[in-house]
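Visitor:
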Amino acid sequence: MEKTLILIKPDGVERLLIGPIVTRFEQRGLKIVGLKMLQVSDELARRHYAIHEGKPFFEPLIEYITSSPVVAIVLAGPQAVQAARNTIGATRPVEASAGTIRGDFGLMVGRNLVHGSDSPENANKEIDLWFNPSELVDYKRTIDTWILE
Ligand code: DAT
Ligand code: MG
Numbered sequence: 142m143e144k145t146l147i148l149i150k151p152d153g154v155e156r157l158l159i160g161p162i163v164t165r166f167e168q169r170g171l172k173i174v175g176l177k178m179l180q181v182s183d184e185l186a187r188r189h190y191a192i193h194e195g196k197p198f199f200e201p202l203i204e205y206i207t208s209s210p211v212v213a214i215v216l217a218g219p220q221a222v223q224a225a226r227n228t229i230g231a232t233r234p235v236e237a238s239a240g241t242i243r244g245d246f247g248l249m250v251g252r253n254l255v256h257g258s259d260s261p262e263n264a265n266k267e268i269d270l271w272f273n274p275s276e277l278v279d280y281k282r283t284i285d286t287w288i289l290e
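So in the numbering used here, spot 13 of the sequence shown is number 154, and the numbers just go up one at a time.
(1) Taking PRO210 as the reference, give the member of ALA217, GLU143 and LEU158 with the closest Cα.
(2) Roughly how far, in whole angstroms, is the beta-carbon of VAL215 from the beta-carbon of LEU146, given that I think they are within contact range, below 8 Å?
(3) With a 10 Å radius around its C-beta and 16 neighbouring C-beta atoms as the bar for buried, classify THR228 as buried or exposed.
(4) Counting pairs of beta carbons, one from the segment 171-183 and one from the segment 193-202, are three or more of them closer than 8 Å?
(5) Could you check whether VAL212 and ILE149 sit closer than 7 Å to each other, using their CB atoms as the reference points?
(6) Can you look up LYS266 in the DSSP assignment and give me helix, strand or coil?
(7) Using 10 angstroms around the beta-carbon of ALA239, count the other beta-carbons present and answer buried if the total reaches 16, otherwise exposed.
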């Protein structure tokens with residue numbers, strides 16, 4: 142099964158949206174195989190967003206992601222990366238469709254609530270960066286008979 146890394150960013154945590162955001166993914170049928178809360182270090186933030194280094198929004202982005210705790214989640218499912226990105230919505234919340242997390246809860250690109258990996262390759266790299274293998278749980282869900290064909 143494909144895996145993807147999700148972060149509930151500091152605004153999601155501070156705005157009491159951990160539950161509603163996790164619920165969106167759970168209800169979609171994606172399986173939670175890793176979940177933890179952590180205060181992100183400057184070093185981890187810079188490694189996670191290394192691809193954006195040098196862009197004008199890079200330093201504010203690092204400040205944002207390290208400003209309060211985040212919840213890091215690994216989801217598994219068929220095409221989990223694409224499914225999660227669609228549930229999250231467009232990068233700019235104003236452009237995100239209603240019904241998506243960003244489209245329902247956000248307004249500004251610098252407070253867009255959630256991160257989701259953008260490809261299976263990057264997902265694997267990000268999962269390695271954020272989780273130890275021992276923190277991921279391999280288990281069967283009985284309900285999957287009714288979610289997966
Ligand atoms: P996404 O988080 O949708 O994958 P991204 O990887 O292009 O988007 O950018 C990472 C984060 O950086 C994004 O969630 C918010 C911020 N960001 C991206 N483009 C921006 C811009 N033009 N101005 C301000 N912040 C931006
Ligand atoms: Mg991205």
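Cβ coordinates follow ideal geometry from the N, Cα and C atoms, glycine included.
Guide: This is what the structure gives:
(1) Comparing Cα-Cα distances from PRO210 to each of ALA217, GLU143 and LEU158, the minimum goes to LEU158.
(2) Between LEU146 and VAL215 the Cβ distance is about 6 Å, and since that is below 8 Å, they are a contact.
(3) A buried status is given to THR228, since no fewer than 16 other beta-carbon atoms sit within 10 Å of its beta-carbon.
(4) With fewer than three CB-CB distances shorter than 8 Å, the segment 171-183 does not count as touching the segment 193-202.
(5) For the pair ILE149 and VAL212, the CB atoms are nearer than the 7 Å cut-off.
(6) Here LYS266 sits in helix by DSSP.
(7) Result: exposed.
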